[in-house]
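Heads up: the structure comes next, in structure tokens.
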Amino acid sequence: EHPLEDDDLLREILLRLPPQPPYLLRASLVAKRWRHIATDPKFLRRFRVHHRKPPLLGDFSYEDGRLSFRSTLDLPYRIPPDHFPLQLQHHGREPWTLVDCRHGRVLLINSEMRQVIVWDPLTGDRSLLSPPPAFDDMHTAAVLCAAGEQGHAHGACHSSPFKVVVVDSCEHGDETVVFVSVYASETGVWSDLLSTTLASMGIAVGNRSTLVGRRWRCWLLCFVVPPLPVICCYHQPCFRMWDRKANCYGVAVWVLRKSIELQKLRVGV
């Protein structure tokens, strides 16, 4: 018997193909038996678990009321920009803001309208949510898959429940209160507010976030008052410190003391 006539061996070979869609697609065109294995739901679950992290197919950008997609795949498998259309209407002065894309879903917020949209580009499904009344201005938000079943591998989360996390802040005297609420699609209910109080040192909640393991993290930017004459500034993705010194003519000028490339830092989490 030829080795490729063994279904178990063929599954192990196909399992080790790169995770990008063209490879498995090409293999499925070889023969009906190959296609049967490559499209089997059980095999696809094993395929996602084996590769763990799903491949990046492209990224979204939002401009002038239109969400566009840029594919990272090479021809002939490149996805057209208009393949995932989403037209949004805003009745106020503030447009929608694209804040997150994770586990197959896209998240947009409109602080003026106090609304959140969760959109699935593949199925076209979208959910329009209204955060709790306490959120006058949503600084940032995130969407993530809430599937907790054993063996679930992110990459086919379209039928799975999801969660939305929104963050806001307000100042009370010398303190800043940062508060959070979590929406669960399984129940359709927002959680009670979770809050923490920080000393008001020019704290600002950024509009980007990241998922580390099972913990969601958002950026807090604060201005630290150093001994004069020193100034600190943040120029994405670099943090710079400047000293006020006299040059050879006795004129006070700003001199760059240190530049810290934030992308090169190794932060323990």
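If you're matching positions, the sequence shown starts at 29 in my numbering and goes up one per residue. The beta-carbon is built from N, C-alpha and C at its ideal position, and this holds for glycine as well.
- Put simply, the backbone Cα of residue 168 is about 38 Å away from that of residue 43.
- Here DSSP, grouped into helix, strand and coil, assigns residue 200 to strand.
- Between the region 84-99 and the region 50-65 there are fewer than three inter-stretch CB-CB distances shorter than 8 Å, so the stretches are not counted as touching.
- In chain order, 174, 189 place their CB closer than 8 Å to the CB of residue 214, counting only its own chain and leaving out the 5 sequence neighbours on each side.
- Residue 60 and residue 72 have their C-alpha atoms spaced approximately 17 Å apart.
- Residue environment analysis places residue 204 among the buried positions, since at least 16 neighbouring C-beta atoms fall within 10 angstroms of its C-beta.
- Per DSSP, the continuous beta strand (DSSP E) segment holding residue 94 begins and ends at 94-99.
- Taking C-beta atoms as the reference points, residue 153 and residue 134 fail to come closer than 9 Å.
- Per DSSP, residue 102 lies in no alpha helix (DSSP H) and is assigned neither H nor E.
- The continuous alpha helix (DSSP H) containing residue 37 extends over residues 35-43.
- Excluding residues up to 5 positions away in sequence, 158, 159, 163 lie with their Cβ nearer than 7 Å to the Cβ of residue 142 in the same chain.
- In the DSSP assignment, residue 191 forms a beta bridge with 172, 212.
- The straight-line gap separating the alpha-carbon atoms of residue 288 and residue 273 is approximately 21 Å.
- When 225, 286, 39 are compared, the shortest CA-CA separation from residue 202 is found for 225.
- Membership of residue 155 in the beta strand (DSSP E) is indicated by the continuous run 154-157.
- When beta bridges are read from the DSSP output, residue 128 appears opposite 135.
- Rounded to whole angstroms, residue 112 and residue 57 show a C-alpha spacing of 26 Å.
- Between residue 206 and residue 223, the gap from beta carbon to beta carbon is short of 9 Å.
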